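Asker: Pasting in a structure now, in structure tokens, and then I'll have a few things to ask.
There are 2 protein chains.
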Amino acid sequence: MQATKTRRSNKDRTDATRADLIAAARKLFTEKSYAETGTPEIVAAAGVTRGALYHHFADKQALFRAVVEMEAKAVAAEIERAAERFDENPGIALLAGSDAYFTAMRVPGRTRLLLLDGPAVLGRAALDEMDLRHGNRTLREGLAAMMDAGLIRRLPVEPLAELLGAAFDRAALAIEAGSPTDDYLTALHAIIDGLAQSAK
Amino acid sequence: MQATKTRRSNKDRTDATRADLIAAARKLFTEKSYAETGTPEIVAAAGVTRGALYHHFADKQALFRAVVEMEAKAVAAEIERAAERFDENPGIALLAGSDAYFTAMRVPGRTRLLLLDGPAVLGRAALDEMDLRHGNRTLREGLAAMMDAGLIRRLPVEPLAELLGAAFDRAALAIEAGSPTDDYLTALHAIIDGLAQSAK
DNA sequence: GCATTAACATACAATCTGTATGTATCCTGA
DNA sequence: TCAGGATACATACAGATTGTATGTTAATGC
Chain A
63 MQATKTRRSN KDRTDATRAD LIAAARKLFT EKSYAETGTP EIVAAAGVTR GALYHHFADK
123 QALFRAVVEM EAKAVAAEIE RAAERFDENP GIALLAGSDA YFTAMRVPGR TRLLLLDGPA
183 VLGRAALDEM DLRHGNRTLR EGLAAMMDAG LIRRLPVEPL AELLGAAFDR AALAIEAGSP
243 TDDYLTALHA IIDGLAQSAK
Chain B
63 MQATKTRRSN KDRTDATRAD LIAAARKLFT EKSYAETGTP EIVAAAGVTR GALYHHFADK
123 QALFRAVVEM EAKAVAAEIE RAAERFDENP GIALLAGSDA YFTAMRVPGR TRLLLLDGPA
183 VLGRAALDEM DLRHGNRTLR EGLAAMMDAG LIRRLPVEPL AELLGAAFDR AALAIEAGSP
243 TDDYLTALHA IIDGLAQSAK
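Residue numbers (the working numbering), protein chains in the order written: chain A, 63 to 262; chain B, 63 to 262.
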């Protein structure tokens with residue numbers, strides 16, 4: 063019985079190989095870093111050759127982009143899922159989304175991929191664009207809704223969301239580094255509460 | 063007249079060579095990036111050989127660290143200088159320091175060195191430690207003083223300073239990327255004002 | 001079925017990093 | 001002051017990595 067000799071369509075082969083490469087790359091990129099992981103190591107872990115890698119991806123950076131893309135998508139989905147249940151109450155939705163964000167960012171390697179190597183390798187603009195494209199809109203829409211409801215002073219939404227997002231990111235990094243979670247959540251909530259309070 | 067044949071002490075030679083290497087590396091690391099800049103290119107620009115580089119620095123990363131260290135020190139000094147004139151008024155000092163920060167971060171290459179490549183190559187902890195060591199305490203002390211004065215609700219200072227610092231950093235990146243400066247400054251001031259307002 | 005294309009594997013060229021080794025210059029103690 | 005050692009380099013080398021070019025096998029379209 064020739065297990066692997068089964069006849070497969072080109073699409074199936076492509077999908078499987080790409081998935082194997084992305085999974086192997088994700089594992090190594092997060093265990094070490096983008097720079098410290100070589101393509102020979104990746105293809106060995108994926109069980110293919112470098113020929114396959116360079117057939118499916120333009121270069122090492124393109125493979126990294128695919129990994130980061132998946133990760134950003136997953137995080138965005140988790141946040142959206144948590145927040146959409148409170149669509150009618152923007153304040154609660156934002157809180158739920160915030161919790162979901164920190165939970166999502168505890169998956170090992172995500173902070174490195176999305177907050178350290180990602181911006182350095184792909185540029186911050188690329189990461190911003192990904193977030194936007196994956197519909198990570200809980201924060202922006204939450205803020206906008208709270209402004210509409212008069213809960214927050216009216217301000218340029220996009221910049222404010224970016225700056226708050228940066229604070230979220232830094233909190234995730236600090237928490238992963240072992241800093242006291244509660245202190246960072248307290249500080250973050252104080253910032254958000256401050257925005258809300260100052261509307262009155 | 064043999065211009066360069068002048069007899070120099072070892073210390074002078076070391077100081078000059080290290081300075082040349084750091085200057086050349088800074089230029090190239092910021093024009094391209096850490097990863098895209100090779101040591102042969104650096105030493106060529108510095109007018110020495112790779113032997114000199116590896117005599118004075120353990121490896122490429124150590125040279126990068128020296129570059130980032132200088133830059134962090136310079137930024138911290140500019141902020142301190144602007145803020146110390148208002149030592150008696152923490153609120154004003156913080157505002158002055160904030161202005162100085164954005165001015166300092168407009169020096170070409172600083173955002174890449176301190177906010178993108180730095181954290182990725184050296185780790186965020188290393189950057190935090192640098193800031194701390196260079197006495198970049200305007201933000202922390204400003205917040206603490208405002209809490210003491212009852213202008214801001216009492217909160218864990220260090221985490222709050224880190225999160226606000228992250229927002230500052232993101233604003234600097236956005237501004238450098240060409241986003242409307244005023245919107246980001248407005249959003250940032252709203253966050254800080256919010257903290258102050260909510261104390262009442 | 002057969003020509004074409006896709007999916008790889010293998011081989012190669014160009015770099016790059018870090019180290020080992022060699023040499024000139026400086027410093028130090030007798 | 002000068003001889004021996006240390007310091008500041010330059011040169012040469014080994015190993016590894018990236019991207020490309022080429023070859024081969026398997027699927028697909030006509």
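Just so it is clear, CB atoms sit at the ideal spot from N, CA and C, and this is done for glycine as well. Here the structure is a predicted model, which means the values were calculated and not measured.
#1: Which runs of the alpha helix (DSSP H) spanning at least 4 residues fall entirely within the stretch 185-253 of chain A, listed in chain order?
#2: Does the beta carbon of D179/B sit closer than 9 Å to a beta carbon anywhere in chain A?
#3: If we cut at 9 Å on Cβ distances, does D121/A have a partner in chain B?
#4: Within a Cβ cutoff of 7 Å, which residues of the same chain sit near T101/A, ignoring the five residues on either side of it in sequence?
#5: Would you grab the beta carbon distance between L125/B and A85/B for me? Rounded to a whole angstrom, and I think it's under 8 Å.
#6: Measure the C-alpha to C-alpha separation of M63/B and S71/B and round it to an integer number of angstroms.
#7: Is the shortest distance between the beta-carbon of L83/A and the beta-carbons of chain B less than 9 Å?
#8: Tell me, please, whether the stretch 150-167 of chain A touches the stretch 148-166 of chain B by the rule of three or more beta-carbon pairs shorter than 8 Å.
#9: Given a threshold of 16 other Cβ atoms within 10 Å of its Cβ, counted over all protein chains shown, does G194/B qualify as buried or as exposed?
#10: CA-CA distance, D50/B and T200/B?
#11: Do A229/B and L226/A have their C-beta atoms within less than 9 Å of each other?
#12: Pick helix, strand or coil for A94/B, following the three-state DSSP scheme.
#13: On the criterion of 16 or more Cβ atoms from any shown chain inside 10 Å, does K67/A qualify as buried, or is it exposed?
#14: Suppose the cutoff is 6 Å on Cβ atoms and the five residues either side in sequence are ignored; what does the same chain contact list for H118/B look like?
#15: Is it buried or exposed, T165/B, if we count other Cβ atoms within 10 angstroms and call 16 or more buried?
#16: Who are the neighbours of T248/A on chain B, taking C-beta pairs under 9 Å?
#17: Which same chain residues, not among the five before or five after E140/B, have their C-beta less than 6 Å away from its C-beta?
#18: Taking 9 Å as the threshold (beta carbon to beta carbon), is P242/A in contact with chain B?
#19: Please report the residue range of the alpha helix (DSSP H) in which M167/B lies.
#20: For F119/A, which of helix, strand or coil comes out of DSSP?
#21: Whole angstroms are fine: how far does the CA of A134/B sit from the CA of A78/B?
#22: Quick one: does D245/A have its CB under 9 Å from some CB of chain B?
#23: If distances are taken between C-alpha atoms only, which option among A252/B, L257/B, A223/B and L217/B comes closest to T248/A?
#24: If the cut is a Cβ gap below 8 Å, which residues of chain A does I253/B touch?
#25: If we ignore side chains and look at the alpha-carbon of each, how far apart do A233/B and A107/A end up?
#26: When DSSP labels each residue in this structure, what does T66/B get in the three-state scheme?
#27: Could I get the ranges of all uninterrupted alpha helix (DSSP H) runs contained in the stretch 109-156 of chain A, with 4 residues as the minimum, in chain order?
#28: Please list the partners that R232/A has in chain B, where partner means a Cβ-to-Cβ separation under 7 Å.
#29: A258/B and G256/A - do their beta-carbons sit closer together than 9 Å?
#30: Starting from the C-beta of E131/B, find all residues in its chain whose C-beta is less than 8 Å away, skip the five residues before and the five after it, and write them out in chain order.
#31: Using the rule of at least 16 other Cβ atoms within 10 Å of the residue's Cβ for burial, across every protein chain shown, is E93/B buried or exposed?
#32: Please go through the same chain and pick out, in chain order, the residues whose beta-carbon is closer than 7 Å to the beta-carbon of T99/B, but skip the five residues on each side of it.
#33: Leaving out the 5 sequence neighbours to the left and right, which residues in its chain are closer than 8 Å to A65/B when beta-carbon positions are compared?
#34: I believe L205/B touches A182/B by the beta-carbon criterion, under 8 Å. Please report the beta-carbon distance rounded to the nearest angstrom.
Answerer: Straight from the coordinates:
#1: Considered as a whole, the stretch 185-253 of chain A harbours 186-195, 200-210 and 219-238 as its complete alpha helix (DSSP H) runs of no fewer than 4 residues, in chain order.
#2: Here residue 179/B refers to the residue found at position 117 of the second sequence. For D179/B, the nearest CB of chain A lies under 9 Å from its own CB, placing it at the interface with that chain.
#3: Stepping through the first sequence from its first residue, residue 121/A is reached at position 59. With a threshold of 9 Å between beta carbons, D121/A makes no contact with chain B.
#4: On the first sequence, residue 101/A is found 39 positions in, with the first residue counted as 1. The beta carbon of T101/A sits closer than 7 Å to those of R112, L115 and K122, all from its chain and outside the five residues before and after it, given in chain order.
#5: Numbered from 1 along the second sequence, position 63 holds the residue referred to as residue 125/B. Numbered from 1 along the second sequence, position 23 holds the residue referred to as residue 85/B. About 11 Å; that fails the 8 Å criterion.
#6: On the second sequence, residue 63/B is found 1 positions in, with the first residue counted as 1. On the second sequence, residue 71/B is found 9 positions in, with the first residue counted as 1. Because M63/B sits at a pLDDT of 36, beneath the cut-off of 50, its placement in the model cannot be relied upon, and the point is left open.
#7: Taking the first sequence and counting its residues from 1, one reaches residue 83/A at position 21. No, no contact with chain B.
#8: They do not touch, by the three-pair rule.
#9: One-based indexing of the second sequence puts residue 194/B at position 132. For the sequence presented, residue 194/B should be read as Leu rather than Gly. So L194/B counts as exposed.
#10: Look at the range of chain B in this structure, 63 to 262, and you will see that residue 50/B is not part of it.
#11: By 1-based counting over the second sequence, the position of residue 229/B is 167. By 1-based counting over the first sequence, the position of residue 226/A is 164. Yes; because the gap between Cβ atoms is below 9 Å, this pair is in contact.
#12: Working through the second sequence from its first residue, we reach residue 94/B at position 32. Reading the sequence as shown, one finds Lys at residue 94/B and not Ala. DSSP places K94/B outside both helix and strand once states are collapsed to three, so it counts as coil.
#13: Within the first sequence, the letter at position 5 stands for residue 67/A. Reliability fails at K67/A, whose pLDDT of 48 lies under 50, so the model's placement of it is uncertain and the value that follows must be treated cautiously. Exposed.
#14: Here residue 118/B refers to the residue found at position 56 when the second sequence is read from its first residue. Cβ neighbours of H118/B beyond the five flanking positions: R80.
#15: For the purposes of this step, residue 165/B is taken as the residue at position 103 of the second sequence. With fewer than 16 other Cβ atoms within 10 Å, it is exposed.
#16: For the purposes of this step, residue 248/A is taken as the residue at position 186 of the first sequence. Neighbours of T248/A on chain B, chain order: L217, P218, P221 and L222.
#17: As a first step, residue 140/B must be located in the second sequence, where it is residue number 78. Answer for E140/B: A162 and A166, listed in chain order.
#18: Sequence index remark: in the first sequence, residue 242/A carries index 180 (1-based). Taking 9 Å as the threshold, the shortest C-beta distance from P242/A to chain B falls below it.
#19: Translated into the one-based positions of the second sequence, residue 167/B becomes position 105. Run containing M167/B: none; DSSP gives neither H nor E here.
#20: As a working note, residue 119/A is residue 57 in the first sequence. The DSSP-derived three-state label of F119/A is coil.
#21: As a position in the second sequence, residue 78/B is number 16, starting the count at 1. As a position in the second sequence, residue 134/B is number 72, starting the count at 1. Cα to Cα, A78/B sits roughly 21 Å from A134/B.
#22: Along the first sequence, read from residue 1 onward, the residue named residue 245/A stands at position 183. Yes, D245/A counts as interfacial toward chain B.
#23: Numbered from 1 along the first sequence, position 186 holds the residue referred to as residue 248/A. Among A252/B, L257/B, A223/B and L217/B, the Cα nearest to that of T248/A belongs to L217/B.
#24: In the second sequence, counting from the first residue as 1, residue 253/B sits at position 191. L222, L225, L226, I253, G256 and L257, listed in chain order.
#25: Your numbering for residue 233/B matches position 171 in the second sequence. Your numbering for residue 107/A matches position 45 in the first sequence. Cα to Cα, A233/B sits roughly 40 Å from A107/A.
#26: Your numbering for residue 66/B matches position 4 in the second sequence. Confidence at T66/B is low in this model, with a pLDDT of 39, below 50, so the placement of that residue should be treated as unreliable; the coordinate-derived value is given next. Note: T66/B maps to helix in three-state DSSP.
#27: Counting whole runs of 4 or more residues, the stretch 109-156 of chain A contains the alpha helix (DSSP H) stretches 112-118 and 122-145.
#28: Locating residue 232/A in the first sequence gives position 170, counting from the first residue. Contact of R232/A with chain B by beta-carbon distance below 7 Å involves E224, L225 and A228.
#29: For the purposes of this step, residue 256/A is taken as residue 194 along the first sequence, with counting starting at 1. For the purposes of this step, residue 258/B is taken as residue 196 along the second sequence, with counting starting at 1. Closer than 9 Å, so yes.
#30: As a working note, residue 131/B is residue 69 in the second sequence. The beta carbon of E131/B lies closer than 8 Å to those of M192 in the same chain, with the five residues before and after it left out.
#31: In the second sequence, residue 93/B corresponds to position 31, counting from 1. Exposed, by the Cβ-count rule.
#32: Translated into the one-based positions of the second sequence, residue 99/B becomes position 37. Non-local beta-carbon contacts of T99/B in its own chain, meaning distances under 7 Å to residues more than five positions away in sequence, involve L90 and F91 in chain order.
#33: Translated into the one-based positions of the second sequence, residue 65/B becomes position 3. Legend: pLDDT at A65/B = 37, less than 50; position of this residue unreliable, no value from coordinates given.
#34: Counted from its first residue, the second sequence places residue 205/B at position 143. Counted from its first residue, the second sequence places residue 182/B at position 120. Actually they do not touch by this definition, with Cβ atoms about 28 Å apart.
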